[in-house]
Amino acid sequence: MAGATVIIGMGGLGCPAAVALAAAGTRRLTLVDGDVIETSNLHRQPLYGPADVGRPKVEVARERLVHAFPGLEIETWVKRVGPAEVDGLLSAHSLAIDGTDSVGAKFLLSDAVTRTGIPLVSGGVVQWGGQAMRIDPGSACLRCLYGTAPREEDVPTCARAGVLGSLAGVLGALQASLALGPPSPPGRTILHVVDGRSFRFRTLTVRRVPGCPGCGARV
Ligand SMILES: [Zn+2]
């Protein structure tokens, strides 16, 4: 959907991000998620209820959002995003929001920013902590921050390690705010880090690494 925002992952981050964007006046969204709703999701994914367990997340999310925000246009994609479709998906939109819970997906999306020229608001939340940053063409990317992607099994996920549900809501809303805000300046970006125990917010400047394999090719 040209000009629309695409949210990849309609879980603990994607649900509050979608609500915040719709409430702010966004009129066109594409929701992408291959998963069905599970009981363990409900504490952090407030668009869904017990009666929705077993249904595709994006279908239920579309019903709830259209009911709450008449006039909102929503496309849905019941599928996980892989290397074959990531560039086409981002290129068909004006901005992407990463609501995934997988290291591989986060780096896949980050790497696609330079190739497609489409900005991405990356984010993650697990246990008591969360972080978010806006990656624009020419700004720093996820590989500038971390270097090589860590192995999937070395990184805690919400499914394996748990998460404070309300903290996911904070991070999703923050991602929506970053999506609605100005682009990151060339050569750097701001990493927002939230501690869910103290609710202290920190901001760190991430500078682009010369020759970065994620964002260095075209800039
Ligand atoms: Zn980079």
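1202 is the number of the first residue of the sequence shown in our numbering; add one for each residue after it.
Note that beta-carbon positions come from the ideal geometry of N, C-alpha and C, so glycine has one too.
Just verifying my parser: in three-state terms, what is the DSSP assignment at residue 1308? Along the sequence shown, read from residue 1 onward, the residue named residue 1308 stands at position 107. The answer is helix: DSSP assigns residue 1308 an H, G or I state.
Using DSSP bridges, identify the partner residues of residue 1318. Here residue 1318 is taken as the residue at index 117 of the sequence shown, counted from 1. Bridge partners of residue 1318: none, in fact.
Let me have the residue list for ligand 1: C-beta closer than 6 Å to any non-hydrogen atom, ordered along the chain. 1341, 1342, 1344, 1345, 1409, 1410, 1413, 1415 and 1416
Between the stretch 1369-1379 and the stretch 1318-1337, can you find at least three pairs of beta-carbon atoms closer than 8 Å? yes
Residue 1393 in three-state terms, based on DSSP: Translated into positions along the sequence shown, residue 1393 becomes position 192. DSSP places residue 1393 in strand when its eight states are reduced to three.
Taking the alpha helix (DSSP H) that residue 1220 falls in, what are its first and last residues? To locate residue 1220, count along the sequence shown from 1; it is residue 19. That run of the alpha helix (DSSP H) goes 1215-1224.
Assuming contact is defined by CB atoms lying nearer than 9 Å, are residue 1304 and residue 1350 in contact in what I supplied? Here residue 1304 refers to the residue found at position 103 when the sequence shown is read from its first residue. Here residue 1350 refers to the residue found at position 149 when the sequence shown is read from its first residue. Residue 1350 sits close to residue 1304, with the two beta carbons spaced by under 9 Å.
Are residue 1207 and residue 1231 touching if we call contact CB-CB under 9 Å? Residue 1207 sits at position 6 when you count from the first residue of the sequence shown. Residue 1231 sits at position 30 when you count from the first residue of the sequence shown. Note that the C-beta distance between residue 1207 and residue 1231 is below 9 Å.
Give the DSSP bridge partners of residue 1274, in chain order. Taking the sequence shown and counting its residues from 1, one reaches residue 1274 at position 73. 1229, per the DSSP bridge assignment.
By the 10 Å Cβ neighbour count, where 16 or more other Cβ atoms means buried, how is residue 1355 classified, buried or exposed? Sequence index remark: in the sequence shown, residue 1355 carries index 154 (1-based). Classification for residue 1355: exposed.
With distances taken Cα to Cα, identify the nearest neighbour of residue 1392 among 1413, 1417, 1319 and 1347. Position 191 of the sequence shown, counting from 1, holds the residue named residue 1392. Of 1413, 1417, 1319 and 1347, the residue nearest in Cα terms is 1347.
Whether residue 1264 touches residue 1205 by CB criterion (9 Å): Residue 1264 sits at position 63 when you count from the first residue of the sequence shown. Residue 1205 sits at position 4 when you count from the first residue of the sequence shown. Result no, Cβ atoms of residue 1264 and residue 1205 do not sit closer than 9 Å.
Tell me whether residue 1401 is buried or exposed, calling it buried when 16 or more other Cβ atoms sit within 10 Å of its Cβ. The residue given as residue 1401 occupies position 200 in the sequence shown. By the neighbour-count rule (16 or more Cβ atoms within 10 Å), residue 1401 is not buried but exposed.
Please return the same chain residues whose Cβ sits closer than 6 Å to the Cβ of residue 1374, not counting the five positions on each side in sequence. On the sequence shown, residue 1374 is found 173 positions in, with the first residue counted as 1. For residue 1374, where only same-chain residues beyond five positions count, the Cβ hits under 6 Å are 1217 and 1221.
Residue 1299 - partner residues in DSSP beta bridges: Taking the sequence shown and counting its residues from 1, the one referred to as residue 1299 is at position 98. BP columns for residue 1299 point to 1209.
Do you know offhand how far residue 1285's Cα is from residue 1308's? In the sequence shown, the residue the question calls residue 1285 occupies position 84. In the sequence shown, the residue the question calls residue 1308 occupies position 107. Going from the Cα of residue 1285 to the Cα of residue 1308 covers about 14 Å.
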